[in-house]
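Enquirer: In my numbering, the protein residues as written are 1 to 323.
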Amino acid sequence: MAKRALITGITGQDGSYLAELLLKKGYEVHGMVRRSSEEKFERIAHLQGKVTLHQGDLLDQFSLAALLSLTQPDEVYNLAAQSFVPTSWNQPVLTGEFTALGVTKMLEAIRHTRPQVRFYQASSSEMFGKVLEVPQTEDTPFYPRSPYGVAKAYGHHITVNYRESFKLFAVSGILFNHESPRRGLEFVTRKVTYNVARIKHGLQDKLPMGNLDAKRDWGFAGDYVDAMWRMLQQDEPDDYVVSTNETHTVKELVEIAFARVGLDYTKYVFTDPAFVRPAEVDLLIGDAAKAKKKLGWEPTVRFKELVEMMVDADMERVKAGQR
Ligand code: NAP
Ligand code: G4F
């Protein structure tokens with residue numbers, strides 16, 4: 001019989017890639033979606049009829065338990081979150097409700113409704129924040145720098161705690177930044193690649209940016225959802241760092257993106273304090289040796305290729321008058 005998976009956050013970047021991967025592996029895929037006045041599930045439009053969508057919300061514990069009873073999943077991937085760091089300073093309480101307590105609500109629903117489930121929690125390199133070790137591993141202590149990072153640290157620890165307290169098969173993937181042409185427009189990679197395409201097409205002539213010196217370990221989302229799946233296929237639940245083991249500045253990202261369309265970024269980019277954060281994560285670089293050894297996982301897309309893939313996709317989109 002086909003395995004069944006339930007994905008929260010299926011309409012997001014990672015949810016769409018994970019749904020594709022699981023369908024290819026023969027899974028029956030169920031996704032939890034929030035009700036909205038207009039349904040715009042663009043990232044999963046091509047999967048219509050192949051995945052089954054159910055209304056639910058991380059804020060509503062009864063909806064989670066009901067969904068577990070209805071779908072009887074073998075695996076639950078908890079990807080839903082308020083995931084944009086700057087918003088977490090504007091809405092810290094909401095971020096805590098979704099991104100921190102939402103994890104407990106799901107774990108409680110699993111514990112009482114379907115304890116045999118294998119559970120994946122989407123933890124984040126933002127938990128390392130003002131890093132206490134370089135590179136960061138599963139053993140590096142956390143020092144989060146935003147309400148989002150704090151909320152993710154809670155989600156991480158409660159997942160470990162439920163594994164140890166109630167013997168749930170609960171794993172936490174500590175994923176470093178991962179991007180794709182499906183990335184939200186507010187995140188720095190997509191903001192840059194989309195605006196480069198607009199500038200190249202003569203639709204604008206300036207790009208306001210925040211801190212160009214920040215360093216990130218950027219990988220491709222398609223690779224990272226494969227690591228999530230591998231974590232749930234192990235004999236024992238454990239936590240894993242998923243990263244490329246390379247770090248690059250935002251400035252390098254900008255240079256490569258503009259160069260891809262034959263432009264010099266210095267003519268277009270300027271610093272706008274509105275995009276500078278109250279507290280910054282200056283440097284992230286992950287050591288994914290454990291994932292490589294135990295999961296047999298390795299990234300297939302490197303930084304320059306990733307940025308160029310995103311610029312090319314946005315050039316096509318802007319040409320077609322799309323976002
Ligand atoms: P994303 O594109 O922002 O997607 C977030 C998803 O969560 C969307 O489907 C959203 O639904 C859903 N959601 C938000 N609040 C919800 C709620 N209260 N109830 C139900 N669904 C809710 O994020 P992503 O980049 O795919 O990331 C997936 C997960 O990995 C997130 O937890 C993120 O924090 C974490 N993570 C991401 C990265 C990265 O670099 N991408 C790295 C580490 C960890 P709507 O469509 O209705 O808004
Ligand atoms: O793309 P970003 O907004 O991603 P950030 O804050 O690293 O968070 C992402 O990765 C986390 C994993 O580490 C996830 F957990 C989280 O959900 C999210 O997916 O910003 C990256 C860097 C920051 O240092 C920021 O200050 O880019 C810098 N930056 C400079 N100018 C900018 C801008 N970021 C944005 N969004 N917009 C700018 O104009």
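The beta carbon of each residue, even a glycine, is placed where N, CA and C say it ideally should be.
1. Would you list the residues sitting across from Lys-191 in a DSSP beta bridge?
2. For the alpha helix (DSSP H) containing Glu-255, name the first residue and the last one.
3. In whole angstroms, what separates the C-alpha of Ala-259 from that of Lys-251?
4. Using 8 angstroms as the threshold, is the segment 222-234 in touch with the segment 139-157, meaning 3 or more CB pairs across them?
5. State whether the segment 264-276 contacts the segment 56-72, with contact taken as three or more CB pairs (one from each stretch) at a distance under 8 angstroms.
6. Among the residues of its own chain, which have a CB less than 7 angstroms from the CB of Val-269, if the five just before and after it don't count?
7. Bridge partners for Asn-78 per DSSP, in chain order?
8. Between Val-311 and Val-196, how many whole angstroms is the CB-CB distance? I'm expecting something under 8 angstroms.
9. By the 10 Å Cβ neighbour count, where 16 or more other Cβ atoms means buried, how is Lys-25 classified, buried or exposed?
10. To the nearest whole angstrom, what separates the beta carbons of Leu-68 and Thr-113, a pair I think is in contact under 8 angstroms?
11. Taking DSSP as the reference, what is the three-state secondary structure of Gln-13?
12. So the alpha helix (DSSP H) Tyr-148 belongs to, where does it begin and stop?
13. Can you look up Tyr-27 in the DSSP assignment and give me helix, strand or coil?
14. Pick out whichever of Ile-7, Asn-177, Pro-181 has its Cα sitting closest to the Cα of Asp-314.
15. As a quick check of your reading: which residues have a C-beta less than 5 angstroms from at least one non-hydrogen atom of ligand 1, in chain order?
16. Can you give the Cα-Cα distance for Thr-249 and Phe-303, rounded to whole angstroms?
17. Quick one: what's got a C-beta closer than 8 angstroms to Asp-287's C-beta in the same chain, skipping five residues either side?
18. Give the DSSP bridge partners of Leu-175, in chain order.
19. Kindly examine ligand 2 and report whether one of its heavy atoms sits closer than 8 angstroms to the Cβ of Lys-152.
20. Could you check if Thr-189 belongs to the surroundings of ligand 2, using beta carbon to heavy atom distance under 8 angstroms?
21. Please name the residue in Ser-123, Glu-308, Pro-92, Leu-168 whose C-alpha comes closest to that of Ser-190.
22. Would you say the beta carbon of Tyr-148 is closer than 8 angstroms to some non-hydrogen atom of ligand 3?
23. Which residues does DSSP pair with Pro-144 in a beta bridge?
24. Could you give the distance in angstroms between the alpha-carbon of Glu-126 and the alpha-carbon of Leu-185?
25. Excluding the five sequence neighbours on either side, which residues of its own chain have a C-beta within less than 6 angstroms of the C-beta of Asn-177, listed in chain order?
26. Can you list, in chain order, the residues of its chain whose CB lies under 8 angstroms from that of Val-276, leaving out five sequence neighbours each side?
27. Can you find the residues in the same chain that come closer than 8 angstroms, C-beta to C-beta, to His-54, ignoring five residues on each side of it along the sequence?
28. What I want to know is whether the C-beta of Ala-291 ends up closer than 8 angstroms to one or more non-hydrogen atoms of ligand 2.
29. Considering only the beta carbon of each residue, do Leu-175 and Pro-237 sit closer than 9 angstroms?
Expert: Well, looking at it:
1. Answer is none; Lys-191 lacks a bridge partner.
2. 250-260
3. 12 angstroms
4. no
5. no
6. Leu-207, Met-209, Val-254
7. Thr-8, Gln-121
8. 6 angstroms
9. exposed
10. 4 angstroms
11. helix
12. 147-166
13. coil
14. Pro-181
15. Gly-9, Thr-11, Gly-12, Gln-13, Asp-14, Arg-34, Asp-57, Leu-58, Leu-79, Ala-80, Ala-81, Ser-83, Phe-98, Ala-122, Ser-124, Leu-175, Asn-177, His-178
16. 11 angstroms
17. Pro-135, Gln-136, Thr-137, Val-241, Ser-243, Asn-245
18. Ser-124, Val-242
19. yes
20. yes
21. In the sequence as presented, Ser is not what sits at residue 190; that position holds Arg. Comparing Cα-Cα distances from Arg-190 to each of Ser-123, Glu-308, Pro-92, Leu-168, the minimum goes to Glu-308.
22. No copy of ligand 3 occurs in the structure displayed; its ligands are ligand 1 and ligand 2 alone.
23. Paired residue(s): none; Pro-144 is not in a bridge.
24. 19 angstroms
25. Arg-216, Trp-218
26. Gly-210, Asn-211
27. His-30, Gly-31, Met-32, Val-33, Leu-67, Leu-70, Thr-71
28. no
29. no
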